[in-house]
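In order, the protein sequences belong to chains W and X.
Quick note on numbering: the first sequence equals residues 1 to 487 in UniProt numbering.
Quick note on numbering: the second sequence equals residues 1 to 179 in UniProt numbering.
By construction, the Cβ of each residue, glycine as well, lies at the ideal position given by its N, Cα and C atoms.
Bear in mind that the values here come from a model prediction, so they are computed numbers and not experimental data.
This report refers to the structure that appears directly beneath it.
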Amino acid sequence: MMTMITLMRGSVMKIHGLSSASRCLAAEGGVRGLSSSSGPRVCIVGGGPAGFYTAQQLLKARQDAAVDIYERLPVPFGLVRFGVAPDHPEVKNVINTFTQTAQHERCSFHGNVNVGKDVTIDELRQAYHAVVLSYGAEGNRSMGIPGEDLPGVFSAKDFVGWYNGLPSNKELHPDLSFETAVILGQGNVALDVARILLAPVEMLKETDITQNALEALAGSKVRRVLIVGRRGPLQIACTIKELREMVNLPNTRADMLPADFEGIAEALKDLPRPRKRLTELMMKAVKEGGDDKAEKCWGLRFFRSPVEVLAGADEKRAAGIRLALNKLEGSGESVRAEVTGQLEDVDCGLIISSIGYKSIPIDPAVPFDPRRAIVPNEMGRVQDTAGLYCSGWVKRGPTGVIATTMNDSFDTARVLIQDMEAGKLDLSVNKPGAQAITALLQTRGVRMVLFSQWEKINAEEEKRGKSLGKAREKLLDVDEMLKIAWS
Amino acid sequence: MSACALRVFLQRAAVTRKAAHQTFSQTRAFPQCVTGSYTHSRGINTLTNSLRAEEKVTVHFLNRDGKRISVKALTGESLLDIVVNNDLDILDIGACEGTLACSTCHLIFEEAVYKKLGRISDEEMDMLDLAYGLTDTSRLGCQVCLRKDLDGMILHVPDVISDARVDSEKESSTAPPKV
């Protein structure tokens, strides 16, 4: 059935592709017939959802605008490729929109370019009328506790990168031979990790999860996953879809602490509908638990903050985690956790910290707020820097789903267009755009990957996937990607 | 294969693809209408229109800029299909292509019309809960199929948030969910 659908999907995409090809010309070589036009030239740093949505909006709003997207990896799409869980393929449908944008005659994608290292922001600002920073959040917030660097402790960002084929995480080799895993944080990323750890292999084996992750999970001894949050059930950050997937996971049962839910039933009636439904689902899991015969279990644990990772007797790796018990102070939206002094130790061999991604500065010429880990800006205009804008997580912080980033990117694009129309950007000056940057990169020995070359990588991944009965088998090695792209 | 049969085949397969992915879900509910993936069916729709025996119904979209867009559409199409197939100028709608993985096709109905619509599945409700400006008469357009008795209905396209207005340090209950 899956092969039939895959085959059919392939042929249908060709139909769609033909109609779009007749409308757009693929841009090759970075030099277009339009290069002598006087339209605005905009450069976007980052080829993920923020970059693509910003580009899409700019192209639509100005029929004379040319947009170039620069991406560090040879492959586009950012967290849609490396963050969205393998068993959520529909969420990745946005790739079709991004592909249309990349193939637009006034847009070109330049992969394998490390902005900040291969080319500076100042050099980009000289070549373009405007530069938009959309490079997201590649770092993670650390727990800041002793033992955090012991083997067996991972950031959720790295763990997700590992099963999603992010090249820099391919050597992660998480040890899955322990019965209990503890995840710190209760957002959708934490729930994704829990689900991937406990899902039956049948659920994953036809997805685009990497083969080595699939094999590791098939041999996993993890049977119990605790998902720990510092505040209470009413503050849980995940959304109901992800929680429902845990409740419905085959061969698993929910293991919650009724004490964590004291007073919650009474609070239900005053909650807005989304929060109410989410809370009701949790309470149902507390009451019903699930099949006692289920060999795997998962549980939410509230009012607990990590204070130390405990090493095993050999002092060589993590064997447990020490949690501080909290109480809540304040009310409504400003509820905070405060320590009580009580502690609790949990034995576990796998600890995953899912407390947030974090943006990093990529160029000293760009202002950066280290406290909030974002580029300081007003509605997307970078502070004190004319012609520089930002969109997505690097602008607002690393929260929100793809649709949130879409709206945000459209906001930045609108502001940029306004500035063009108000004369804040001098469009009377001709800017060389990609032509100049390509030449500069050539002198530095940097060769780009064009969108049509990414499509060769894409075809190869789909081909390899087909022979394994999967949606795709991602290439894990940048050099291998480049070899195929430039073949 | 005739164009008609091909379209139905594509739609059914797309639903099956979704179902195959979610066979583990106990609360799985098929969408009311077989919507399939609209980008795929788009070109074929224009071919099959002349072969169709379904009825044409008028629908009005009240756009974000206050302008009304009226269109005649076929019964059986989802409201998202209608927007896409007629290339209506309603922005940013249908990011997940009708697969219940986003809330961008959020539409607000008149109360009397809302009451006539079919039962809303848990899956639709889960995604609808994430929509900005959720109301008691909100639905996801990809899950509502056009019927003859919905002729003349007015659909309100809600505003999407401008996140700059939301203080990111403070989170309101209708703020976008965290990742």
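Please classify residue i: is it buried, with 16 or more other beta-carbons within 10 angstroms of its beta-carbon, or exposed?
i                      : result
W/H173                 : exposed
W/D208                 : buried
W/S177                 : exposed
W/P364                 : exposed
W/T399                 : buried
W/P370                 : exposed
X/P111                 : Position check: residue 111 of chain X holds Glu in this sequence, whereas Pro was assumed. Exposed: under 16 other Cβ atoms inside 10 Å.
X/G133                 : exposed
W/D68                  : buried
W/S142                 : exposed
W/P306                 : buried
W/E266                 : exposed
residue 258 of chain X : Examination of residue 258 of chain X is not possible in this model, given that chain X is present from 1 through 179 alone.
W/G144                 : exposed
W/S353                 : buried
W/A439                 : exposed
X/R119                 : exposed
X/E97                  : buried
Listing by chain order, which chain W residues have their CB less than 7 Å from the CB of residue i?
i      : result
X/S103 : A403
Using a Cβ-Cβ distance cut-off of 8 Å, determine whether residue i contacts chain W.
i      : result
X/E77  : no
X/A95  : yes
X/C84  : Before going on, a small fix: residue 84 of chain X reads as Val here, not Cys. Not an interface residue.
X/M153 : no
X/V160 : yes
X/L130 : yes
X/P31  : Confidence in X/P31 is poor, its pLDDT being 48 and thus under 50, which makes the residue's placement unreliable; the coordinate value appears in the next sentence. Judged by the 8 Å Cβ criterion, X/P31 is not in contact with chain W.
Can you pull the chain W residues whose beta carbon is under 9 Å from the beta carbon of residue i, in chain order?
i     : result
X/T99 : P89, E90, V91 and N93
Determine whether the Cβ of residue i lies closer than 8 Å to any Cβ atom of chain X.
i                      : result
W/R273                 : yes
W/K241                 : yes
residue 489 of chain W : What is shown of chain W runs 1 to 487, which leaves residue 489 of chain W out entirely.
W/R277                 : yes
W/F178                 : no
W/F261                 : no
W/F52                  : no
W/F410                 : yes
Could you name the residues that DSSP lists as bridge partners for residue i?
i                      : result
residue 489 of chain W : With chain W running from 1 to 487 in the structure shown, residue 489 of chain W is simply not present.
X/S78                  : X/C145
residue 502 of chain W : Residue 502 of chain W falls outside the range modelled here, since chain W spans only 1 to 487, and no answer is possible.
W/P306                 : W/L323
residue 489 of chain W : Since the first and last residues shown for chain W are 1 and 487, residue 489 of chain W lies out of range.
W/T180                 : W/R224
W/N377                 : W/V382
W/Y389                 : W/V132 and W/R381
X/L62                  : X/R68 and X/H156
W/Y357                 : W/N140
Starting from residue i, find everything on chain X with Cβ-Cβ shorter than 7 Å and list it in chain order.
i      : result
W/M282 : Ordered by position in chain X, no residue passes the 7 Å Cβ test against W/M282, which lies about 14 Å from the chain.
W/M406 : D92 and A95
So does residue i have its beta carbon nearer than 7 Å to some heavy atom of the ligand NAD?
i     : result
W/L73 : The ligand NAD is not among the ligands present in this structure, which contains no ligands whatsoever.
* At a cut of 8 Å, does the region 234-249 of chain W reach the region 280-300 of chain W through at least three beta carbon pairs? -> Contact holds: three or more Cβ-Cβ distances are below 8 Å.
Decide if the region 422-434 of chain W is in contact with the region 38-47 of chain W; the criterion is three or more beta carbon pairs, one per stretch, under 8 Å apart.
yes
- [ ] Determine contact between the region 205-220 of chain W and the region 252-262 of chain W, defined as no fewer than three beta-carbon pairs at a distance below 8 Å.
- [x] no
- Any contact of the region 71-79 of chain W with the region 152-159 of chain W, i.e. 3+ C-beta pairs under 8 Å? No, they do not touch.
Check whether the region 182-201 of chain W and the region 79-87 of chain W touch, using three or more Cβ-Cβ pairs below 8 Å as the test. yes
Cβ pair count under 8 Å reaching 3, the region 58-74 of chain X against the region 120-138 of chain X:
no
Is it the case that the region 127-141 of chain W contacts the region 331-347 of chain W, given that we only count it when at least three CB pairs across the two stretches are under 8 Å?
The answer is no - the region 127-141 of chain W does not touch the region 331-347 of chain W, with fewer than three Cβ pairs under 8 Å.
- Message: Can you confirm whether the region 54-73 of chain W touches the region 107-114 of chain W when touching is taken to mean that 3 or more C-beta pairs between the two stretches lie within less than 8 Å?
- Response: yes
Is there contact between the region 134-149 of chain X and the region 125-132 of chain W, where contact requires at least three CB pairs shorter than 8 Å? no
Q. Are three or more beta carbon pairs between the region 368-385 of chain W and the region 147-154 of chain W nearer than 8 Å?
A. no
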